[in-house]
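Enquirer:
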Amino acid sequence: MKRSALWSWLWIVLGVIYFFAPLLATLEFSLRASRPTLFFSLLAYQQVLGDPGFWRGLLFSTLIALLTIITSLLLVLPTAYWVNLRLPQLRPVVELITLLPFVIPAIVLTFGLIKIYSGRPFHITNTTFGTNALLVGAYVVLTLPYMYRAVDTGLRAIDVRTLTEAAQSLGADSITVLTQVIFPNLRVALLSGTFLTLATVIGEYTIASFLVGLNAFGPYVSQIGQNRAYQGAALALISFSLVWTMIGLIQFFNRGIPGQSQVAGGR
Amino acid sequence: MAFLDLTNIRKEFTGGVAVENFNLQVERGEFVSFLGPSGCGKTTTLRMVAGFELPTSGAVRLEGLDITNKPPNQRNVGMVFQSYALFPNMTVGENVGFGLKLRKRPQADIDKRATELLALIHLPDKGKNYPYQLSGGQQQRVALARALAIEPQVLLLDEPLSALDAKIRDELRGEIRRIQQQLGITTIYVTHDQQEAMALSDRVVVMSKGVMEQVGTPFEIYNYPKNQFVASFVGTLNQLRCRVEHPAHGQVSYDGQLISTGAPIAEPKGASVSLMLRPEELRLGEAGGENQLTGKVEQVSFQGATIRVIMNLGTVTLTLDVFNERKLELPKVGQTYTISFPPHACWVMA
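Chains A and B supply the protein sequences, listed in that same order.
Under this note's numbering, the residue at position 38 of the first sequence is numbered 534, and the numbers go up by one with no gaps.
Under this note's numbering, the residue at position 254 of the second sequence is numbered 300, and the numbers go up by one with no gaps.
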């Protein structure tokens, strides 16, 4: 074996250890809940999955995530389409705006939201519905970079202007262009944005803990982690599995989608 | 009344005027090409016919109906784009049938029409393929079929062959003309390739800097250009700066040598004029009764059917084309030759 290949393998092994050792350690720790009676057991997992708080938190966060995704798509899709088609000169401004959530810490965003929407004239946080709506709004802002980037990348890959004009010349109105030509060709981008949003919202802690507390999955995981070590480790792995399942789903749905690799040009 | 009438079209963008004083009448079934360099306004004019751009002033009339402000989806104008613009999520058959589906035609009619058109473009078995499974030439044929499916009143083609390699381009060029003549569809074709425009068109509109320089048949444009721009843009042109010697006899001189141009010259004696000569009108060697010039061969370039020879006349170079023959003796670089050309090959421009 060549010297350079040996180095490659060394780095690969180190990388695998770096990524998987903590997971294996967490798994091993999560299986210790029955010691000394049993060396390994699934007790921690049984307790987590049997806890109504787990399902309540997961269901609540999933619902909030779905509402976030719908709101986000309604906001981002037309904006990104319009910017690509008619206002490309505004792209840097829109990109900057969508990147703000990376710059503004979640805790600052949370206190800003609470300060503005808890007092006059809004009083949104006085009701459960209002608080949940505020949470969705906060998540739309928080996940804007993922959704916008995914959609924008998808739009750039399909020559929006020419496809729009081609469809118009065949008699399509704006709605038909969007629903039958543009959106179907953004399937991969929309799926990526959707799953990234879902994964982010389900695991989010800071905003959820201040607005809805243990109702959400993130704060629930945090609390379990603080109070019950084995169950916390089990929960961490369950959360991790959920995210990997979503990434797997993106890969699955991305397979065999026609025309994603080429929109124009010779072969 | 013309089938398609463009009257006093002017288009301004923030950067300046893209098209101005554009007037053109296109007859039903005619194939007209807009020819010109990049930025001359040919695509902008086409896009105004399609409805993708609105003229700043002027009118577009189709069969007498003013369509200047009609949105593109209400014009019944088919368009083929340089980048094919096939819908990647649809099969070839679905692409071709898309316009008819929007017109709510029965599925059986759509399928029948798609089958007919795929046969017309010689891709009868590709209906179930996706665009990415086709070559560039095949994709452009499908784009053409898709535009024709809606039976447009006018077919617009925006540099449809530019993205293809030379051989496919030649093939498809012939296909486009064949289909256009078979269907008798009024067509406007945008290109910067003069050969393409010449080979395809009934008439060519030569444009420069947003203005029509000349409109005419390919023969007229090539042989009787109205100005120096058209003469030099269409085909290769030699220009010699000459002095008028005998205006009434149509004689000028170059480097002391008298040249007969075959027609009286409007400029006075002693005036400086340009003598224009096409490369194919020049011959290597002497010929009785013809004008003659002497020069040294600078370059010989074999081009298949013709051989291009670049001659140095001292202060200027001349390009001449010689038909290829198997027994032809190629001119040698560095040797001095005589070039001859008949008086009727000369045009004089001030």
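We put the beta carbon where it would ideally sit given N, CA and C, even for glycine.
This structure is a prediction, so every number in the text was calculated from the model and none was measured.
Establish whether the CB of A/N622 and some CB of chain B are separated by less than 7 Å.
Expert: Along the first sequence, read from residue 1 onward, the residue named residue 622 of chain A stands at position 126. Answer no: the Cβ-Cβ gap between A/N622 and chain B never drops below 7 Å.
Enquirer: In the DSSP assignment, find the beta strand (DSSP E) that holds B/R324 and state where it starts and stops.
Expert: Mapped onto the second sequence, residue 324 of chain B falls at position 278. Where B/R324 is concerned, there is no enclosing beta strand (DSSP E), given that its DSSP letter is neither H nor E.
Enquirer: If you compare alpha carbons, which of B/V95, B/F348, B/L100 and B/K147 is closest to B/E375?
Expert: For the purposes of this step, residue 375 of chain B is taken as residue 329 along the second sequence, with counting starting at 1. Ranking B/V95, B/F348, B/L100 and B/K147 by Cα distance to B/E375 puts B/F348 first.
Enquirer: Please report the distance separating the alpha-carbon of A/A760 from that of B/Y130.
Expert: One-based indexing of the first sequence puts residue 760 of chain A at position 264. One-based indexing of the second sequence puts residue 130 of chain B at position 84. Note that A/A760 has pLDDT 37, beneath the 50 cutoff, so the model's placement of it is unreliable and the number below is only indicative. Roughly 6 Å between the two C-alpha positions.
Enquirer: With distances taken from CA atoms, which of B/P271, B/A191, B/A212 and B/L132 is nearest B/Q179?
Expert: If you number the second sequence from 1, residue 179 of chain B lands on position 133. Residue B/L132 is the option with its Cα nearest to B/Q179.
Enquirer: Going by DSSP, what residues sit across from B/V78 in a beta bridge?
Expert: For the purposes of this step, residue 78 of chain B is identified with residue 32 of the second sequence, where counting begins at 1. BP columns for B/V78 point to B/I234 and B/R249.
Enquirer: Out of curiosity, what's the CA-to-CA distance linking B/V379 and B/T365?
Expert: Residue numbering aside, residue 379 of chain B sits at position 333 when the second sequence is read from its first letter. Residue numbering aside, residue 365 of chain B sits at position 319 when the second sequence is read from its first letter. Spanning the two alpha carbons is a distance of roughly 14 Å.
Enquirer: Could you name the residues of the same chain whose beta carbon sits closer than 6 Å to that of A/I720, not counting the 5 residues immediately before and after it, in chain order?
Expert: On the first sequence, residue 720 of chain A is found 224 positions in, with the first residue counted as 1. Q727, G728 and L731.
Enquirer: Could you spell out the range, first to last residue, of the beta strand (DSSP E) harbouring B/K147?
Expert: Counted from its first residue, the second sequence places residue 147 of chain B at position 101. Unbroken run through B/K147 is the alpha helix (DSSP H), V138 to L148; no beta strand (DSSP E).
Enquirer: B/E266 by DSSP, collapsed to three states: which one?
Expert: Along the second sequence, read from residue 1 onward, the residue named residue 266 of chain B stands at position 220. In the structure shown, B/E266 sits in a helix (DSSP, three-state: H, G or I).
Enquirer: Verify whether the separation of the beta carbon atoms of A/V647 and A/V572 is less than 7 Å.
Expert: Within the first sequence, numbered from 1, the residue matching residue 647 of chain A stands at position 151. Within the first sequence, numbered from 1, the residue matching residue 572 of chain A stands at position 76. In contact: A/V647 and A/V572 (Cβ atoms closer than 7 Å).
Enquirer: Figure out for me which residue from B/L203, B/L283 and B/G334 has the closest Cα to the Cα of B/P325.
Expert: Position 279 of the second sequence holds residue 325 of chain B. Nearest option by C-alpha distance: B/L283.
Enquirer: Using the Cα positions of B/R56 and A/T627, report the straight-line distance between them to the nearest angstrom.
Expert: Taking the second sequence and counting its residues from 1, one reaches residue 56 of chain B at position 10. Taking the first sequence and counting its residues from 1, one reaches residue 627 of chain A at position 131. Taking the straight line joining both Cα atoms gives about 57 Å.
Enquirer: Going by beta carbon distance, what residues of the same chain come within less than 6 Å of B/Q381, once the five residues before and after it are set aside?
Expert: Walking along the second sequence from the start, residue 381 of chain B turns up at place 335. V343.
Enquirer: With distances taken between CB atoms, is the gap from B/G296 to B/A277 smaller than 7 Å?
Expert: Within the second sequence, residue 296 of chain B is the residue found at index 250, counting from 1. Within the second sequence, residue 277 of chain B is the residue found at index 231, counting from 1. It is not a contact, given that the beta carbons lie outside the stated cut-off.
Enquirer: Of the choices B/A351, B/D211 and B/V126, whose alpha-carbon is the least far from that of B/I196?
Expert: In the second sequence, residue 196 of chain B corresponds to position 150, counting from 1. Checked all of B/A351, B/D211 and B/V126; the closest Cα to B/I196 is B/V126.
Enquirer: Is the beta carbon of A/L581 less than 7 Å from the beta carbon of A/R645?
Expert: As a working note, residue 581 of chain A is residue 85 in the first sequence. As a working note, residue 645 of chain A is residue 149 in the first sequence. When the beta-carbon positions are compared, A/L581 and A/R645 stay at least 7 Å from each other.
Enquirer: Comparing C-alpha positions only, which one of B/V65, B/G61, B/Q199 and B/M47 sits nearest to B/N54?
Expert: Residue mapping note: residue 54 of chain B aligns to position 8 of the second sequence, counting from 1. Residue B/V65 is the option with its Cα nearest to B/N54.
Enquirer: Does B/S129 get closer than 7 Å to chain A when you measure Cβ to Cβ?
Expert: Indexing the second sequence from 1 puts residue 129 of chain B at position 83. So yes, B/S129 belongs to the interface.
Enquirer: Could you tell me which residues DSSP puts in a beta bridge with B/W393?
Expert: Stepping through the second sequence from its first residue, residue 393 of chain B is reached at position 347. Note: B/W393 sits in a beta bridge opposite B/M322.
Enquirer: At the level of alpha carbons, what is the spacing between B/L207 and B/L190?
Expert: On the second sequence, residue 207 of chain B is found 161 positions in, with the first residue counted as 1. On the second sequence, residue 190 of chain B is found 144 positions in, with the first residue counted as 1. One C-alpha to the other measures close to 11 Å.
Enquirer: Are the C-beta atoms of B/I234 and some chain A residue less than 7 Å apart?
Expert: Residue 234 of chain B sits at position 188 when you count from the first residue of the second sequence. Closer than 7 Å: no.
Enquirer: Which residue comes first and which comes last in the beta strand (DSSP E) that contains B/T352?
Expert: Counting from 1 along the second sequence, the entry for residue 352 of chain B is found at position 306. Counting along the chain, the beta strand (DSSP E) containing B/T352 begins and ends at T352 to N358.
Enquirer: Using the three-state DSSP reduction, which class does B/E221 fall into: helix, strand or coil?
Expert: Along the second sequence, one-based indexing puts residue 221 of chain B at 175. Looking at B/E221 - three-state DSSP - the assignment turns out to be helix.
Enquirer: Could you please give the first and the last residue of the uninterrupted alpha helix (DSSP H) stretch that includes A/S568?
Expert: The residue labelled residue 568 of chain A in the question sits at position 72 within the first sequence. Counting along the chain, the alpha helix (DSSP H) containing A/S568 begins and ends at P548 to L581.
Enquirer: Hey, would you say the C-beta of A/G667 is under 6 Å away from at least one heavy atom of the ligand SAH?
Expert: Absent from the structure shown: the ligand SAH. Ligands present: none.
Enquirer: Does the distance from the CB of B/M253 to the CB of B/G62 come in under 7 Å?
Expert: Numbered from its first residue, the second sequence carries residue 253 of chain B at position 207. Numbered from its first residue, the second sequence carries residue 62 of chain B at position 16. For B/M253 and B/G62, no; Cβs fall outside 7 Å.
Enquirer: Would a check of beta-carbon distances place B/M125 closer than 7 Å to chain A?
Expert: Taking the second sequence and counting its residues from 1, one reaches residue 125 of chain B at position 79. Closer than 7 Å: yes.
Enquirer: Using a Cβ cut-off of 7 Å, pull out every chain B residue sitting near A/T671, in sequence order please.
Expert: For the purposes of this step, residue 671 of chain A is identified with residue 175 of the first sequence, where counting begins at 1. The sequence given here places Ile at residue 671 of chain A; Thr does not occur at that position. Those do not exist, as A/I671 stays about 11 Å from chain B at its closest Cβ, beyond 7 Å.
Enquirer: What three-state label does DSSP hand B/R287 in the structure shown?
Expert: Position 241 of the second sequence, counted from the start, is the residue given in the question as residue 287 of chain B. Residue state, collapsed to three classes: strand.
Enquirer: How far does the beta strand (DSSP E) with B/T384 in it reach, from first residue to last?
Expert: Stepping through the second sequence from its first residue, residue 384 of chain B is reached at position 338. T382 to F387 is the span of the beta strand (DSSP E), which, as asked, contains B/T384.
Enquirer: On the DSSP letters alone, give me the boundaries of the alpha helix (DSSP H) that B/N54 sits inside.
Expert: Translated into positions along the second sequence, residue 54 of chain B becomes position 8. No alpha helix (DSSP H) contains B/N54, which is instead part of the beta strand (DSSP E) from L50 to F59.
Enquirer: Which one or two residues does DSSP pair with B/Y300 in a beta bridge?
Expert: Taking the second sequence and counting its residues from 1, one reaches residue 300 of chain B at position 254. Beta-bridge pairing links B/Y300 to B/Q303.
Enquirer: Please list the partners that A/D655 has in chain B, where partner means a Cβ-to-Cβ separation under 8 Å.
Expert: Here residue 655 of chain A refers to the residue found at position 159 when the first sequence is read from its first residue. By Cβ distance, chain B contributes S129 and A131.
Enquirer: Just curious, the alpha helix (DSSP H) that A/I660 is in, first and last residue?
Expert: Along the first sequence, read from residue 1 onward, the residue named residue 660 of chain A stands at position 164. According to the sequence shown, residue 660 of chain A is Thr rather than Ile. Its alpha helix (DSSP H) spans residues V656 to S665.
Enquirer: Tell me whether the region 148-160 of chain B and the region 237-247 of chain B touch, counting them as touching only if at least three CB pairs, one residue from each stretch, are closer than 8 Å.
Expert: no
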